[in-house]
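2 protein chains.
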Amino acid sequence: MALLSKSTLSKRGLGKLKHKANELLSRTLDQQVTLAVTGLSRSGKTAFITSLVNQLINEGNGAKLSFFDPVHNGNFIAAKRVPQKHYHVPRFDYDAAISALTSDPATWPEPTHGISELRLAIRYQPKNSILKYATDMATLTLDITDYPGEWLLDLPMLKQTYQEWSQQTHGLMTSKPRDEYSKSFLAKVAQLDPFAPASEELLAELAQEYTALLQTFRHELGLSVIQPGRFILPGDLAGAPILEFFPFANADNIDANAYQNATDDSVIGMLRSRYSQYQEQVVRKFYREHFLRFDRQIVLADCLKPLNKGKASFADLELAMSMILESYQYGKSGIFSRLFSPKIDKLLFGATKADHVTPEQHGAMVSLLNQLVHQNKNQLNYDAVAVKTLAIAAVKATNSGVSKHQGNEVPVIQGRSLAQSELSGTASVFGEKITVFPGAVPSELPRDNYWQSNSFNFIEFAPLSGLNKHQCLPHVRMDQVLQFLLADKMM
Amino acid sequence: MALLSKSTLSKRGLGKLKHKANELLSRTLDQQVTLAVTGLSRSGKTAFITSLVNQLINEGNGAKLSFFDPVHNGNFIAAKRVPQKHYHVPRFDYDAAISALTSDPATWPEPTHGISELRLAIRYQPKNSILKYATDMATLTLDITDYPGEWLLDLPMLKQTYQEWSQQTHGLMTSKPRDEYSKSFLAKVAQLDPFAPASEELLAELAQEYTALLQTFRHELGLSVIQPGRFILPGDLAGAPILEFFPFANADNIDANAYQNATDDSVIGMLRSRYSQYQEQVVRKFYREHFLRFDRQIVLADCLKPLNKGKASFADLELAMSMILESYQYGKSGIFSRLFSPKIDKLLFGATKADHVTPEQHGAMVSLLNQLVHQNKNQLNYDAVAVKTLAIAAVKATNSGVSKHQGNEVPVIQGRSLAQSELSGTASVFGEKITVFPGAVPSELPRDNYWQSNSFNFIEFAPLSGLNKHQCLPHVRMDQVLQFLLADKMM
């Protein structure tokens, strides 16, 4: 460094002090929210985050955010992307996603794997708070964390023993729709002597087979309850013993005493010890490093696909919802001690793809999701967590209208159907423009006779053509999402 | 748990106590070694670990380990694979590697990515130590950790500032053989105003270009000095800002004062802050979680390929060796404080592929490697680290003999040449059997005129056919490797 004169030094010192003081002041005034976004059954997380960012940074360019108070009241100034908080976490690739949506033909963005982050700085004029006397402008820093729904669904494992988890998972694997896929695997596990010396190679082989089953459940059956979640997105843990266990099929037939005394080199002992390592090193690590720091959570769920697929698939969504709600339940559940309880104070469930049904069905959609969320409400103690449900479309892919059918007016939607090949991967083959009435959404949890008499046929749509990355994407109720998640921090 | 009678309980208590006492005793008697294996320039790490494990677990089935005292003296009993220490570290896939070597036609095993582990329990009769009075049998637990050479070469970054690192790396990129590949990238970096506000997208783009250059240096030019090493094997960090920096081209022209005061949102400030995050979260993390725990280290280097490729490539190997030696240097260097200094007490450099030259060249090979290691010895303070060099072949792929050439007897080797396609990937196309004299290895560091007058043509060989996974693999000096690394722990 070049030599500095004494006066330059003291000038710099003063400048620094001033800067420090300003920093301290704005630290007091400014707000910070860490928003966690996760999803069940390919619910369109990437499109959601892309739209949320797009709505905020383009506000002024045709944004339709009338239910978002800071915009409605004119307090919103501007938002921009700024460098994220954690350098070692992959960045949410907004540019790639918005490019896909605004390309010609438009495609849905690639799904993300694992965790990613993005930070927005949102400038606003404080109107209704004490802040208005101190400053003309305040900043809300919004950290968005995108993570796989499976990681959230792993949390209940923290309060289960290996035996309990085995029994629950075995129960799932012997019921529809998993049973017919699981038979051969379960037969092999049934052959194992729990107290024989473990062969690491054999356990690795069976764990691979179990992982292949989870992939099938996730991608072919479209199920949500995939445990352990890290098995299907292993990242750096690929090939590590911590991902080489599986549910033991006869866990309830094992002699309790022998089980207690089994050493780590027996079959059951090795499985148990890997399960407990998974709890500590994977689940609790995610809990500690991420989950504990989230302020607000949005869980996206596609209810339409499970309705298409039938009773068993819908029941899986119900189970996934109740497992998620468990993680926000304190006290009784015993997963989380008060001391290390998450600080999340708002929890939003978004029923995505609301644009895939006709608008008069939205009421039924919300009502259905509400029942999924609140069916166990009496048993739960949310402890100041505000829960809300909304039917949304992050990026609206259809236009709605009315069509004449046999003399009657019927509501319809129109859009470009997504060819089958797109559903299972990344291809971009699109169907032609179609106009349909995709079906009626049941407004309450369907009963057995419902599944027999009704058939749903919700269609997947491609994004609309001609979207522009510098304008706001068309949406359904993203303003209400923002209102619930952010408005109280921008008063 | 079932109810137990009082007497059963006390019996179990006694049994447990006995077990505890035995455990305590053997914990005192038994030895533990954590061996770290790494390599430079595709040196055959996977084949090395596979052979080392194979020699030990098959001892008795034709092992030729005459220079390994425990075997020579008859104290070696047996070795077996046991579950590894860290469940969250991928397991070294011995079975896949030995299968490749013993398949027909035999192929070299797939290279590993990132870190992996394997644990052996080695039983022996203590002969020359106080242990012999206490027990008939002792166990040496050997933890083998396989990690990329690039991670070792990242350690010197810990003592460099971003400016120093930039200058050093820029120096490399403007010299042979990197210069002609780097021009376009360096021109783009030269365009950057260091104090302009940073665009994350632009920095990400340039970092991608820099990473592509590193891939070229590594895989096309076969160079060893690849910094930052994590860029070419990112794992879970793919897409994270911590991997989105690069050397600043004009780092020495930047005004020192302005550089000091640059904030994190300027171009230079953002690059500097990511560099320092990389130091902390990647390099120091590896240092703390792994390097600090290693007892012994073997560095494998293929000297033949750089000799084939010429002066610049060989100079890169020299630089890599001196950077590695730096990491074992305490006190003066300032990388590691005494308090957190590594505990490695033995460091072995193995010149691999000794079977790829005729046996009378091994002396020259060791002498060459010795000079690479010891050329800076006077400046170094190894502080009780024993350093050794050996010319080895983990899995011998040739037979040596004598051939008549123009009336003279010349030494030759015979083997199956590896087709070009295998060199650059995983294909298994093999050439025919060939008999050659591949050339003379220089016994000292080649000078300028040497490179002009000599040409080398070392050939890559495929493994010999007919190897058996239950017998010891043919090798060159693996017994001396074991003697140096393990014998003193099995006295």
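Respectively, the protein sequence lines represent chains X and E. Using UniProt numbering, read the first sequence as starting at 1 and increasing by one per residue. Using UniProt numbering, read the second sequence as starting at 1 and increasing by one per residue. All C-beta atoms in this analysis are idealised placements derived from N, C-alpha and C, irrespective of residue type, glycine included.
Return yes when the Cβ of X/Asn-58 is within less than 8 Å of the Cβ of X/Tyr-124, no when it is not. no
Using a Cβ-Cβ distance under 8 Å, would X/Ile-122 count as near chain E? no
Tell me which same chain residues have a C-beta within less than 6 Å of the C-beta of X/Lys-433, skipping the five on either side of it? Arg-416
Three-way DSSP call (helix, strand, coil) for E/Val-476 in this model: strand
I need the straight-line Cα distance from E/Lys-285 to E/Asp-136, nearest angstrom please. 41 Å
What does a CB cutoff of less than 8 Å around E/Val-481 pick up in its chain, not counting 5 residues either side in sequence? Leu-52, Ile-298, Leu-348, Gly-350, Leu-390, Ile-392
Can you give the Cα-Cα distance for E/Met-490 and E/Asp-345, rounded to whole angstroms? 16 Å
Quick one: grab the DSSP three-state call for E/Tyr-450. helix
Is it buried or exposed for E/Gly-466, if we count other Cβ within 10 angstroms and need 16 for buried? exposed
Report the CB separation of X/Ala-121 from X/Trp-108 in whole angstroms; it is logged as a contact under 8 Å. In fact, because the Cβ distance is near 28 Å, the residues do not count as touching under 8 Å.
What ranges does the alpha helix (DSSP H) occupy inside the segment 40–97 of chain X, keeping only unbroken runs of at least 4 residues that lie completely in it? 45–57, 69–72
Residues near E/Leu-485 by beta carbon distance below 8 Å, same chain, minus five either side: Val-33, Leu-35, Arg-296, Ile-298, Lys-346, Leu-348
Measuring straight from C-alpha to C-alpha, what distance separates E/Phe-437 and E/His-475? 20 Å
Reducing DSSP to helix, strand and coil, say where E/Glu-110 ends up. coil
Do you know whose CA, among E/Arg-178, E/Ala-97, E/Pro-70, lies nearest E/Asp-488's CA? E/Pro-70
Does DSSP classify E/Ser-313 as helix, strand or coil? helix
How about X/Gln-160: is its C-beta nearer than 8 Å to some C-beta of chain E? no
The beta strand (DSSP E) spanning X/Leu-348 covers which residue range? 346–351
Between which two residues does the alpha helix (DSSP H) harbouring E/Gln-208 extend? 200–215
Residues of its chain near E/Gln-361, where Cβ-Cβ distance is below 6 Å and the 5 sequence neighbours each way are ignored: Val-441
Tell whether a beta-carbon distance below 8 Å holds between E/His-170 and E/Ala-238. no
Among the residues of its own chain, which have a CB less than 6 Å from the CB of X/Lys-332, if the five just before and after it don't count? Residue confidence for X/Lys-332 is low, a pLDDT of 44 falling below 50, so the modelled location carries little weight; the figure read from the coordinates is stated next. Contacts found: none.
Rounded to a whole number of angstroms, what is the C-alpha to C-alpha distance between residue 494 of chain E and X/Glu-200? Shown here, chain E extends from 1 to 491; a query on residue 494 of chain E therefore has no answer.
Quick check on X/Ser-453: buried or exposed, where buried means 16 or more other Cβ atoms within 10 Å of its Cβ? exposed
Proximal residues of chain E, C-beta to C-beta of X/Gly-239 below 8 Å: Pro-90, Arg-91, Asp-93, Ser-116
Decide if E/Ser-424 is buried, meaning its Cβ has at least 16 other Cβ atoms within 10 Å, or exposed. Confidence at E/Ser-424 is low in this model, with a pLDDT of 40, below 50, so the placement of that residue should be treated as unreliable; the coordinate-derived value is given next. Exposed, because fewer than 16 other Cβ atoms sit within 10 Å of the Cβ of E/Ser-424.
Use the C-beta contact count for X/Leu-202: other C-beta atoms within 10 angstroms, 16 or more gives buried, fewer gives exposed. exposed
Among X/Pro-411, X/Gly-407, X/Ser-443, X/Phe-461, the one whose alpha carbon lies nearest that of X/Met-365: X/Ser-443
Run down chain X in chain order and give the residues with a C-beta less than 7 Å from the C-beta of E/Gln-84. Pro-241
Can you give me the C-alpha to C-alpha distance between X/Leu-372 and X/Leu-158, rounded to a whole angstrom? 23 Å
Could you give the DSSP three-state label for E/Phe-461: helix, strand or coil? strand
State the beta-bridge partners of E/Asn-399 as determined by DSSP. E/Gln-414
Which class does X/Gly-405 belong to by DSSP, given the choice of helix, strand or coil? It is worth fixing the name first, because residue 405 of chain X is His in this sequence and not Gly. Strand, per DSSP.
Throw me the rounded Cβ distance for the X/Phe-92 and X/Asp-143 pair, which I believe falls under 8 Å. Contact doesn't hold; Cβ gap of about 11 Å is too wide.
Mind pulling the chain X residues with CB within less than 9 Å of E/Met-270? Pro-83
Starting from E/Arg-274, trace the alpha helix (DSSP H) both ways and give me its first and last residue. 267–278
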